[in-house]
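Engineer: In the UniProt record's numbering, the protein residues as written are 1 to 832.
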Amino acid sequence: MTAVDGDQATSDSYDARALQEKWQARWAAENPFAASEDPADTRPRRFVVDMFAYPSGDLHMGHAEAFAIGDVIARYRFQLGENVLHPIGWDSFGLPAENAAIKNGTHPAEWTYANIETQAESFKRYGISVDWSRRLHTSDPEYYRWNQWMFLRFFERGLAYRKEGLVNWCPQDQTVLANEQVVQGRCERCGTEVVRRSLNQWYFRITDYAERLLQDMDQLENGNWPDDVLSMQRNWIGRSTGADVAFTIEGRDAPVTVFTTRPDTLYGATFFVVAADAELADELCTPEHRADFDAYKERVARLSDIERQSTEREKTGVFLGRYAINPVNGERIPVWAADYVLAEYGHGAIMAVPAHDQRDLDFALEFGLPVREVVETGEGDPAETGTATPGEGRLMNSGPLDGLPKGEAIDRIIEVLHERGTGTASVNYRLRDWLLSRQRFWGTPIPIIHCPACGEVPVPDDQLPMKLPDDLKGADLAPKGVSPLAAAADWVNAECPACGGPAERDTDTMDTFVDSSWYYLRYCSPHVDDAPFDVDKVAYWGAVDQYIGGKEHATLHLLYARFFVKVLYDMGLIGFDEPFRRLLNQGQVVNGGRAMSKSLGNGVDLGEEIEKYGVDAVRLTMLFAGPPEDDIDWADVSPAASLKFLNRAFRVMVEAGAATEPGTDPADGDVALRKATHQALDKISAAVESHRFNVAVARLMELVTAARKAVDSGPGAQDPAVREAAEAIAVTLSLFAPYAAEEGWERLGRTGSVAIGNWRTPVPELLTQEAVTCVVQVSSKVRDKLQVAPDIGDDELERLALASEKVQSFIGGKEVRRVVVKAPKLVNVVVA
1 MTAVDGDQAT
11 SDSYDARALQ
21 EKWQARWAAE
31 NPFAASEDPA
41 DTRPRRFVVD
51 MFAYPSGDLH
61 MGHAEAFAIG
71 DVIARYRFQL
81 GENVLHPIGW
91 DSFGLPAENA
101 AIKNGTHPAE
111 WTYANIETQA
121 ESFKRYGISV
131 DWSRRLHTSD
141 PEYYRWNQWM
151 FLRFFERGLA
161 YRKEGLVNWC
171 PQDQTVLANE
181 QVVQGRCERC
191 GTEVVRRSLN
201 QWYFRITDYA
211 ERLLQDMDQL
221 ENGNWPDDVL
231 SMQRNWIGRS
241 TGADVAFTIE
251 GRDAPVTVFT
261 TRPDTLYGAT
271 FFVVAADAEL
281 ADELCTPEHR
291 ADFDAYKERV
301 ARLSDIERQS
311 TEREKTGVFL
321 GRYAINPVNG
331 ERIPVWAADY
341 VLAEYGHGAI
351 MAVPAHDQRD
361 LDFALEFGLP
371 VREVVETGEG
381 DPAETGTATP
391 GEGRLMNSGP
401 LDGLPKGEAI
411 DRIIEVLHER
421 GTGTASVNYR
431 LRDWLLSRQR
441 FWGTPIPIIH
451 CPACGEVPVP
461 DDQLPMKLPD
471 DLKGADLAPK
481 GVSPLAAAAD
491 WVNAECPACG
501 GPAERDTDTM
511 DTFVDSSWYY
521 LRYCSPHVDD
531 APFDVDKVAY
541 WGAVDQYIGG
551 KEHATLHLLY
561 ARFFVKVLYD
571 MGLIGFDEPF
581 RRLLNQGQVV
591 NGGRAMSKSL
601 GNGVDLGEEI
611 EKYGVDAVRL
621 TMLFAGPPED
631 DIDWADVSPA
641 ASLKFLNRAF
651 RVMVEAGAAT
661 EPGTDPADGD
671 VALRKATHQA
681 LDKISAAVES
691 HRFNVAVARL
701 MELVTAARKA
711 VDSGPGAQDP
721 AVREAAEAIA
731 VTLSLFAPYA
741 AEEGWERLGR
751 TGSVAIGNWR
761 TPVPELLTQE
771 AVTCVVQVSS
781 KVRDKLQVAP
791 DIGDDELERL
801 ALASEKVQSF
811 IGGKEVRRVV
821 VKAPKLVNVV
831 VA
């Protein structure tokens with residue numbers, strides 16, 4: 001780690017290992033990045049949060065990228081002299097710790113907290129600018145007590161409830177999964193194929209906030225959040241407008257309601273479909289069809305929702321022996337159970353209009369059911385072509401709707417349904433309530449006591465936290481289909497808070513996404529012990545100004561955090577209703593074009609890279625590799641080249657520090673270098689503000705080259721402009737390579753941390769650039785060269801080119817077909 005650009009190593013050479021040891025100790029002693037909450041502090045406030053890490057082992061290459069990005073943003077705000085809150089914490093509940101405890105015969109806390117300490121030391125070595133006094137761990141009782149407190153407040157507001165329902169079940173992990181945790185029909189954690197089971201589970205009623213979650217995205221647009229993340233959330237919430245339509249079922253007193261986005265096609269409904277796993281299907285099935293239905297239902301239980309809704313699968317179903325009555329024409333239509341309808345969507349049943357819905361058409365053709373076209377689209381009869389026509393057109397075979405275009409027909413049929421009392425306009429959402437229960441140990445216990453006399457009784461606030469038992473470990477935690485807590489009799493058996501009789505604690509634990517839905521608020525007052533957070537301090541810091549993390553959380557953590565903040569806003573605890581003002585997603589670090597993995601043998605060990613090249617070089621390589629949102633292929637980058645650059649930058653700072661004194665007036669220095677310095681500062685600021693960190697590093701490299709040239713073949717290190725450039729290098733380098741920057745700042749004779757309040761404001765007079773040469777071509781042949789301003793506009797440059805006598809002589813009397821302008825360096829006049 002001590003190569004010095006081809007020169008012999010000297011005592012003034014860049015020694016990454018030595019500098020890391022020196023400055024880690026200094027930062028630990030001085031805590032330069034502690035946030036201030038002094039009311040007299042008038043500096044602008046900035047709240048920067050990195051999505052916190054899970055303590056599954058030491059830091060890896062993904063951490064190195066994500067936290068380098070967040071650190072640049074925080075350090076830039078520190079440099080601008082702002083009061084920055086940049087905290088750190090660990091998302092420390094979850095299955096990996098529990099599985100490790102089962103394997104090792106220990107308690108999950110042992111594995112968790114040992115890994116946290118390992119990661120904490122690595123974070124310190126990585127030089128991130130965090131306020132260590134605000135460190136938190138979500139598995140601390142002092143933290144999860146407030147998960148329980150919030151659950152009880154949600155429960156009081158009707159937002160937490162328990163019900164029997166079909167859930168996603170992972171046979172390997174022996175626990176339920178939220179829809180968002182099922183990827184391609186498999187458990188996102190272990191990859192096991194997910195099945196459906198009926199269980200009594202706890203839910204958060206996030207659907208009550210569906211419309212607000214949609215509407216409030218207006219606050220997040222215009223570059224504040226990535227457009228694709230907003231699109232993913234909109235699609236996940238899935239707002240649909242249409243109508244609820246009541247169908248009478250023969251032999252059933254109460255009608256069955258279906259939701260449809262196309263009520264105008266009601267006259268084309270030729271059969272009725274109920275989700276095979278819905279209670280309604282069980283109820284409607286006649287005795288003579290029971291055996292076929294039960295066998296079919298068992299097959300459907302083995303399918304994931306994604307598989308069931310795939311358009312590629314052959315349609316399957318069974319007739320239930322019943323008929324529904326179409327409310328607009330009185331037609332009897334058969335009732336079927338099928339797998340392509342989901343129990344959780346709408347009301348778990350649909351009217352099937354095969355002519356205008358492809359899945360309905362595939363089903364109808366498979367089972368020989370009628371196909372009736374009711375919208376004339378000019379695309380042919382779907383029964384003959386096998387292709388449904390869901391588009392625009394005029395209604396036909398639809399009684400009073402005939403001849404109406406789609407929009408008018410929808411309005412008219414809703415009026416008719418309303419008049420008859422058989423339907424109404426409605427809005428439906430794809431979003432389902434948040435399935436909260438987990439049948440595992442290492443999570444927040446749900447603070448409910450089940451009493452035979454009183455039912456579900458909240459644990460009183462003064463009995464929180466309801467702690468996990470200490471005596472379960474190893475094999476005690478092995479998946480059993482129910483929570484391991486159920487085996488802890490002394491813990492389970494409790495006194496009912498309401499009547500004092502014998503009762504039992506709820507044995508499920510909370511989804512760990514509860515922990516991460518509000519942790520950023522706890523950062524504002526991590527040590528307060530009488531509330532989840534100090535309301536005044538949250539008001540002081542406000543919503544998170546900049547949030548940094550992976551796009552994989554678009555429909556999980558980010559959606560849940562938005563929901564939590566809206567509930568807390570409604571409770572009057574916070575004054576904002578969106579948690580993160582700006583969001584930045586980072587890409588992945590891959591190797592050879594593929595994700596790193598042990599099985600592929602292409603893993604890159606972060607510790608080894610740091611040992612070989614140093615922290616600064618690894619950080620710089622990450623940030624120079626490309627825009628933050630792009631993937632980084634470690635096979636294509638060069639930490640060795642970054643190390644070489646750091647040596648060059650370090651030598652400039654050391655030589656300038658030895659040749660000149662702090663405070664030297666740069667006004668008499670080399671003008672060309674001064675311009676290069678101030679132009680670099682201007683460009684670096686713009687690049688950092690727009691999160692183009694690779695561009696900022698490139699401009700810094702150009703400045704180092706200019707300063708090196710001035711030292712070696714120009715006025716020399718004693719020139720005041722060289723010191724000015726060296727100090728600018730130290731200040732800007734501190735965003736990317738903090739160890740080299742701190743040492744360079746000290747070698748320049750400066751006191752205090754280079755990272756705090758030292759950003760240089762460019763001098764406007766030094767931002768003007770010299771004239772550049774513009775080549776003017778006529779039909780791609782050079783005919784003249786013009787000296788123009790570097791910021792000249794296209795129109796002005798075209799005017800000057802056409803005014804050139806040389807250019808006009810070659811145009812002659814020919815017709816100018818077009819003029820191609822690439823300001824400020826090229827104009828091509830194309831003639832006939």
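For glycine and all other residues, C-beta sits at the position ideal for the given N, C-alpha and C. These numbers were taken from a predicted model, which means no experiment stands behind them.
1. Give the straight-line distance between the Cα atoms of residue 186 and residue 309, rounded to the nearest whole angstrom.
2. Taking the CB atoms as reference points, tell me whether residue 833 and residue 247 lie closer together than 7 Å.
3. Could you give the first and the last residue of the continuous alpha helix (DSSP H) run that contains residue 450?
4. Please determine, among 771, 797, 645, the residue with the shortest C-alpha to C-alpha distance to residue 740.
5. Need the endpoints of the alpha helix (DSSP H) that residue 353 sits in, please.
6. Please classify residue 407: does DSSP put it in a helix, a strand, or coil?
7. Tell me the DSSP bridge mates of residue 822?
8. In its own chain, which residues sit with a C-beta less than 6 Å from the C-beta of residue 715, not counting the 5 before and 5 after it?
9. Considering residue 209, what are the terminal residues of the beta strand (DSSP E) in which it resides?
10. By the three-class DSSP mapping on this structure, what secondary structure does residue 510 have?
11. Have a look at 321, 489, 515 and flag the residue whose alpha-carbon is nearest the alpha-carbon of residue 503.
12. Just to confirm my understanding: we take residue 37, look at its own chain, exclude 5 residues before and 5 after, and list those with CB closer than 7 Å. What are they?
13. Evaluate residue 20 with the Cβ neighbour count: other Cβ atoms within 10 Å of its Cβ, from every protein chain shown; 16 or more gives buried, anything less gives exposed.
14. Do you know how far the Cα of residue 822 is from the Cα of residue 384?
15. Could you check where the beta strand (DSSP E) with residue 570 kicks off and where it finishes?
16. If you draw a straight line from the C-alpha of residue 195 to the C-alpha of residue 435, how long is it?
17. Let's test the definition: count the other Cβ atoms within 10 Å of the Cβ of residue 184 and tell me whether it reaches 16, buried, or not, exposed.
18. Can you give me the Cβ contacts of residue 81 inside the same chain, cut-off strictly under 7 Å, excluding the 5 residues immediately before and after it?
19. CA-CA distance, residue 662 and residue 127?
20. For the alpha helix (DSSP H) holding residue 50, just list the boundary residues, first then last.
21. What are the uninterrupted segments assigned as beta strand (DSSP E) that are 3 or more residues long and contained completely in the region 174 to 255, given in chain order?
22. I'd like the span of the beta strand (DSSP E) that includes residue 503, first residue to last.
23. Out of 561, 413, 282, which has the shortest C-alpha to C-alpha gap to residue 267?
24. Quick one: residues in its chain with C-beta nearer than 7 Å to the C-beta of residue 678, no 5 flanking neighbours on either side, listed in chain order?
25. If you count every other CB in all the chains shown that lies within 10 Å of the CB of residue 98, and 16 or more means buried, which is it?
26. For residue 6, is the classification buried or exposed, using 16 other Cβ atoms within 10 angstroms of its Cβ as the cut-off for buried?
27. Under 8 Å, with one C-beta from each stretch per pair, do the region 633 to 645 and the region 140 to 160 reach the 3-pair mark?
28. Under a three-way DSSP split, which group does residue 63 fall into?
29. What runs of the beta strand (DSSP E), each 3 residues or longer, lie entirely inside the region 570 to 618?
30. To the nearest angstrom, how far is the alpha carbon of residue 8 from that of residue 79?
31. For the pair the region 348 to 367 and the region 375 to 382, tell me if three or more CB-CB distances fall below 8 Å.
32. So, with DSSP's three-state summary, where would you put residue 664?
33. Below 8 Å, how does it come out for the region 161 to 181 and the region 113 to 122: are there three or more Cβ pairs, yes or no?
34. Among the candidates 312, 311, 316, whose CA atom is the shortest distance from the CA of residue 297?
35. Which residues in the same chain as residue 280 place their Cβ atom closer than 7 Å to its Cβ, once the five residues preceding and following it in sequence are excluded?
36. Considering only DSSP beta bridges, list what residue 74 is partnered with.
Structural biologist: To lay it out plainly:
1. Stepping through the sequence shown from its first residue, residue 186 is reached at position 186. Stepping through the sequence shown from its first residue, residue 309 is reached at position 309. For residue 186 and residue 309, the distance between alpha carbons rounds to 15 Å.
2. What is shown of the chain runs 1 to 832, which leaves residue 833 out entirely.
3. Numbered from 1 along the sequence shown, position 450 holds the residue referred to as residue 450. Looking at the DSSP string, residue 450 is not in any alpha helix (DSSP H); the run it does join, the beta strand (DSSP E), is 448 to 451.
4. The sequence position of residue 740 within the sequence shown is 740, counting from 1. Selected option, being the one with the closest Cα: 645.
5. As a first step, residue 353 is located in the sequence shown; it is residue number 353 there, counting from the start. Here residue 353 belongs to no alpha helix (DSSP H), and DSSP marks it neither H nor E.
6. What you label residue 407 is simply residue 407 of the sequence shown in a count that begins at 1. Residue 407: helix per DSSP, three-state reduction.
7. What you label residue 822 is simply residue 822 of the sequence shown in a count that begins at 1. Partner(s): 826.
8. On the sequence shown, position 715 is the one that residue 715 refers to. If we look at residue 715 and ignore the five residues flanking it on each side, its Cβ neighbours are 670.
9. For the purposes of this step, residue 209 is taken as residue 209 along the sequence shown, with counting starting at 1. Note, residue 209: premise wrong, no beta strand (DSSP E); not H, not E.
10. Locating residue 510 in the sequence shown gives position 510, where the first residue counts as 1. Of the three classes helix, strand and coil, the one that applies to residue 510 here is strand, per DSSP.
11. Position 503 of the sequence shown holds residue 503. Of 321, 489, 515, the residue nearest in Cα terms is 489.
12. The residue you call residue 37 lines up with position 37 of the sequence shown. Taking C-beta separations shorter than 7 Å and ignoring five residues to either side along the sequence, the partners of residue 37 in its chain run 537, 540, following chain order.
13. Numbered from its first residue, the sequence shown carries residue 20 at position 20. With 16 or more Cβ atoms within 10 Å of its Cβ, residue 20 is classed as buried.
14. Numbered from its first residue, the sequence shown carries residue 384 at position 384. Numbered from its first residue, the sequence shown carries residue 822 at position 822. Residue 384 and residue 822: Cα-Cα distance of roughly 56 Å.
15. Residue 570 sits at position 570 when you count from the first residue of the sequence shown. That residue, residue 570, is in no beta strand (DSSP E); its alpha helix (DSSP H) goes 557 to 570.
16. The residue labelled residue 195 in the question sits at position 195 within the sequence shown. The residue labelled residue 435 in the question sits at position 435 within the sequence shown. The straight-line gap from Cα to Cα measures roughly 15 Å.
17. Taking the first residue of the sequence shown as position 1, residue 184 is located at position 184. Residue 184 is exposed by the Cβ-count criterion.
18. The sequence position of residue 81 within the sequence shown is 81, counting from 1. Excluding positions up to five away in sequence, the list reads 43, 757.
19. One-based indexing of the sequence shown puts residue 662 at position 662. One-based indexing of the sequence shown puts residue 127 at position 127. Computed Cα separation, rounded: 26 Å.
20. The residue you call residue 50 lines up with position 50 of the sequence shown. In this chain, residue 50 is not harboured by any alpha helix (DSSP H); it is covered by the beta strand (DSSP E) spanning 45 to 50.
21. 175 to 177, 195 to 204, 239 to 249
22. Mapped onto the sequence shown, residue 503 falls at position 503. First-last of the beta strand (DSSP E) with residue 503: 502 to 505.
23. In the sequence shown, residue 267 corresponds to position 267, counting from 1. For residue 267, the nearest C-alpha among the options comes from 413.
24. Taking the sequence shown and counting its residues from 1, the one referred to as residue 678 is at position 678. Excluding sequence neighbours, residue 678 sits near 762, 763, 766, 767.
25. Residue 98 sits at position 98 when you count from the first residue of the sequence shown. Buried is the call here.
26. Counted from its first residue, the sequence shown places residue 6 at position 6. Low per-residue confidence applies at residue 6: pLDDT is 36, beneath 50, and the placement is therefore not dependable, though the value from the model is reported in the following sentence. The residue is exposed, with fewer than 16 neighbouring Cβ atoms inside 10 Å.
27. no
28. Locating residue 63 in the sequence shown gives position 63, where the first residue counts as 1. Of the three classes helix, strand and coil, the one that applies to residue 63 here is helix, per DSSP.
29. 583 to 586, 589 to 591
30. Residue mapping note: residue 8 aligns to position 8 of the sequence shown, counting from 1. Residue mapping note: residue 79 aligns to position 79 of the sequence shown, counting from 1. Residue placement at residue 8 is poorly supported in this model, since its pLDDT is 33, which falls under 50; the coordinates are not used for a value here.
31. yes
32. Along the sequence shown, one-based indexing puts residue 664 at 664. Residue 664 falls in the coil class under three-state DSSP.
33. No: fewer than three Cβ pairs fall under 8 Å.
34. Locating residue 297 in the sequence shown gives position 297, where the first residue counts as 1. Of the candidates 312, 311, 316, 316 places its Cα closest to the Cα of residue 297.
35. Mapped onto the sequence shown, residue 280 falls at position 280. So the list reads 256, 274, 348, 349, once near-sequence residues are dropped.
36. Numbered from 1 along the sequence shown, position 74 holds the residue referred to as residue 74. DSSP, once it has assigned bridges, lists no residue as partnering residue 74.
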